[in-house]
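*Asks:* Attaching a single structure in structure tokens format; questions to follow.
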Amino acid sequence: MPRSSADLPVDFAALPPLERDFYARPVLTVARAAIGQLLVHVSAEGVCAGRIVETEAYRGPEDRAAHSYGGRRTTRTEVMYGAPGLAYLYFVYGMHWQLNLVTTREGAPEAVLIRAVEPLAGLELMAERRGLAPSDRRLTNGPGKLCQAFGLQRAHYGHDLTLPGTLFLAAGPRRRGRVLRSPRIGIDYAEGWIDKPWRFHEADNPWVSRRPSGSNDPARSVRSS
DNA sequence: AGGAAGATCCGCT
DNA sequence: GCGGATCTTCCTG
């Protein structure tokens, strides 16, 4: 990767995927490590790529906010129990898809939700899919938005992210901002787990979906590697 | 067979 | 800030 996106154009589609080792770690570790990595999707319509700037960790079966809470194992959650490096996509609110990375080890239903991405390539295609201008920040600053922009949906359920050429993560540029932690968003139903700071995002990145809500809970800063 | 809820987004006030 | 959109999945009876 170039040091900045102002360098020569990168052939994102040809980048080597992150290997299974990346995903085969505790979910909080992967959620933190995913910040700054690249998400790439190659489709018939074109190539979309971006830097991951916001994630959340879901640690079933004990995590009440996780779909795999209590060991729940259904058609929908089945892939969460699969090999680390698989993609878990699900459909919510009758209209939105969400992308997760399966982590840890087979049988451990833990996953990282990708909540926001900073677009680097395929902006025109993303804009077309989203019905927005390519310069619009709403292109990819939310979990449902980025899936629509990248053209991700049911067909990608269970896809192996370690395979090259289609849908995968790749090593991001070295330079990154601080990473902050805060409580996860939209899990008011998860009594006892609401306040866990399992959301990670780059400080001062305009593509992050929202600033940490509670000005009271000081988002704790984490060293960037 | 039916109902309820949902890891969201958008537009309006 | 609030409510509506919209439909799949899962649980209950």
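Going by the numbering used here, the letters in the first sequence line up with residues 9 to 233, in that order.
Just so you know, even glycine gets a beta-carbon here, dropped at the ideal spot from N, CA and C.
(1) Should the region 127 to 145 be regarded as contacting the region 51 to 70, the criterion being three or more beta carbon pairs within less than 8 Å?
(2) Return the chain-ordered list of same chain residues with a C-beta closer than 6 Å to the C-beta of His104, the five sequence neighbours on each side being excluded.
(3) I'd like the list of long-range same chain contacts for Val110, defined as Cβ closer than 8 Å, with 5 residues on each side in sequence excluded.
(4) Could you please give the first and the last residue of the uninterrupted beta strand (DSSP E) stretch that includes Glu126?
(5) Please give the ranges of any beta strand (DSSP E) in the region 175 to 205, keeping only runs that are unbroken, at least 3 residues long and fully inside the region.
(6) Once the 5 residues before and after His166 are set aside, which same chain residues still bring their CB inside 6 Å of it?
(7) By a C-beta neighbour count over all protein chains shown, 10 Å radius and 16 as the cutoff for buried, is Val125 buried or exposed?
(8) Which first and last residues belong to the beta strand (DSSP E) in which Val50 is found?
(9) How far does the alpha helix (DSSP H) with Thr170 in it extend, from its first residue to its last?
(10) Ser190: buried (16+ other C-beta within 10 angstroms of its C-beta) or exposed?
(11) Are at least three pairs of beta-carbons, each pair with one atom in the region 182 to 189 and one in the region 29 to 47, less than 8 Å apart?
(12) Could you name the residues of the same chain whose beta carbon sits closer than 6 Å to that of Leu23, not counting the 5 residues immediately before and after it, in chain order?
(13) Out of curiosity, what's the CA-to-CA distance linking Leu154 and Pro214?
*Replies:* On the basis of the supplied data:
(1) yes
(2) The residue given as residue 104 occupies position 96 in the first sequence. Hits under 6 Å: Gly152.
(3) In the first sequence, the residue the question calls residue 110 occupies position 102. Only Tyr31, Val87, Met88, Gly90, Ala91, Pro92, Gly93, Leu94, Ala95, Tyr96, Glu118 and Ala119 meet the Cβ criterion.
(4) The sequence position of residue 126 within the first sequence is 118, counting from 1. Note, Glu126: beta strand (DSSP E), Glu118 to Ala129.
(5) 175 to 178 and 187 to 190
(6) Reading the first sequence from its first residue, position 158 is the one you call residue 166. The question names His, yet the displayed sequence has Gly at residue 166. Here the set comprises Val87 and Leu94.
(7) One-based indexing of the first sequence puts residue 125 at position 117. Buried: at least 16 other Cβ atoms inside 10 Å.
(8) Here residue 50 is taken as the residue at index 42 of the first sequence, counted from 1. Residues Leu46 to Ser51.
(9) Within the first sequence, the letter at position 162 stands for residue 170. It is not in any alpha helix (DSSP H) - Thr170 carries neither H nor E in the DSSP assignment.
(10) Stepping through the first sequence from its first residue, residue 190 is reached at position 182. Its Cβ being crowded by 16 or more others within 10 Å, Ser190 is buried.
(11) yes
(12) The residue given as residue 23 occupies position 15 in the first sequence. Excluding positions up to five away in sequence, the list reads Ala178.
(13) Reading the first sequence from its first residue, position 146 is the one you call residue 154. Reading the first sequence from its first residue, position 206 is the one you call residue 214. One C-alpha to the other measures close to 14 Å.
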